Amino acid sequence: MKTLLDIKKHSSFKDEVLTCIRTQEVDEKEEWRIKGIEKRIKDLNRELYNAVDQELNKKGQDSRKVDELTEKLVDLQEELKVFRDRKAKVEDLEGELEWFLKKLETIDDARVKRNEGIGHGEEIYFREDIFERIVRSAKLYSYGRIVYELSLGIQWSIDFKYSEFQKLLLKWKDKQRAEEKEAFLEGPEVKELLEFCKEPKSYSDLHAFMCERKEVSYSYFRKLVIRPLMKKGKLKFTIPEDVMNRNQRYTSI
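In terms of numbering that gives the first Met the number 0, the sequence shown is residues 0 to 252.
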């Protein structure tokens with residue numbers, strides 16, 4: 000998506016595509032050539048019609064002239080097709096560029112910039128409808144560039160270093176872990192623990208209760224469950240003024 004955002008902010012993109020399109024247009028000299036071909040085809044068709052008519056009226060038919068005229072017609076029609084194909088391609092590219100520029104305006108810049116969809120379970124903000132239609136291929140180079148081959152007839156490249164990818168991946172993993180921890184704290188095991196803890200319980204009692212449902216180390220249980228629950232106000236000390244008291248217990252709120 001950063002590629003589309005990069006294209007969106009560069010006005011030179013449209014100019015580059017239009018320059019590419021202009022190189023494929025039929026120029027004035029070629030237009031005269033097209034008119035000449037079309038006239039020549041008309042003349043040859045007339046000549047071919049007469050030649051066929053003459054041959055049919057002969058006793059000993061000779062098809063050499065007919066073959067010769069037919070061959071010339073085929074060559075001219077193939078040449079004319081090349082020009083027509085170029086014109087059609089130019090029209091297609093112009094239409095495709097217009098479609099693409101309109102689609103670029105529908106991209107939510109803010110969602111792209113904040114990497115929406117990077118979190119675990121989130122739907123990634125990715126415009127597949129644009130990429131599939133516009134991008135033919137892409138190459139990632141070790142020096143930190145991605146080069147895209149576009150259906151619009153040009154290449155477009157952006158900076159994309161592997162170190163940036165690693166940072167993005169690390170951010171995603173951190174966010175994923177945080178969401179998994181939060182989901183666990185809202186899960187059935189912790190709900191049962193809080194219910195169990197309505198009557199004051201020791202740390203050992205709570206740990207043993209949790210291990211019957213989910214295996215967790217003695218020390219990690221404090222970091223993963225007890226401290227977050229106390230921070231959320233769901234759990235409290237029975238002797239808050241003396242945290243290290245040997246008779247200290249925990250109770251749910």
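Each residue gets a CB set at the ideal place from its N, CA and C atoms; glycine is no exception. Bear in mind that the values here come from a model prediction, so they are computed numbers and not experimental data.
For residue j and residue i, the rounded distance between their alpha carbons
i: T2; j: M243; result: 56 Å
i: S203; j: C196; result: 12 Å
i: K38; j: T22; result: 26 Å
i: D42; j: L103; result: 50 Å
i: D173; j: F183; result: 15 Å
i: L168; j: E29; result: 54 Å
i: Q53; j: W31; result: 33 Å
i: E194; j: E188; result: 10 Å
i: S10; j: E46; result: 54 Å
i: G35; j: D128; result: 43 Å
i: S150; j: A137; result: 12 Å
i: E70; j: D84; result: 21 Å
i: G232; j: E185; result: 14 Å
i: Q175; j: F12; result: 37 Å
i: S218; j: Q165; result: 31 Å
i: S216; j: K230; result: 20 Å
i: R126; j: K190; result: 40 Å
Sequence-distant residues of the same chain with beta carbon closer than 8 Å to residue i, five excluded per side
i: E198; result: T250
i: I20; result: V89, L92, E93, L96, G152
i: I33; result: V25, L79, F82
i: L287; result: In this structure the chain extends from 0 to 252, so residue 287 is not present and cannot be described.
i: Q76; result: I40
Pair within 8 Å by beta-carbon distance, residue i and residue j
i: I157; j: E15; result: no
i: F99; j: I133; result: yes
i: W155; j: Y142; result: no
i: K7; j: I106; result: yes
Own chain residues within Cβ distance below 6 Å of residue i, not counting five before or after
i: D5; result: I157
i: I238; result: N244, Q247
i: K213; result: E188
i: L139; result: I145
i: E240; result: none
One or two residues paired with residue i in a DSSP bridge
i: D158; result: R144
i: L149; result: V134
i: Y249; result: K200, F236
i: L139; result: I145
Cβ separation of residue i and residue j, assumed to be a contact under 8 Å, to the nearest whole Å
i: V89; j: E24; result: 5 Å
i: L17; j: I40; result: Not quite, the Cβ-Cβ distance comes to about 33 Å (not below 8 Å), so this is no contact.
i: L205; j: L223; result: Wrong, their Cβ atoms sit about 12 Å apart, outside the cutoff.
Cβ shell of residue i (< 7 Å), same chain only, five flanking positions each side left out
i: A50; result: K64, V65, L68
i: F208; result: L192, F195
Cβ of residue i within 8 Å of any chain C Cβ
i: E46; result: Looking at the structure shown, chain C is missing, and only one protein chain is on hand.
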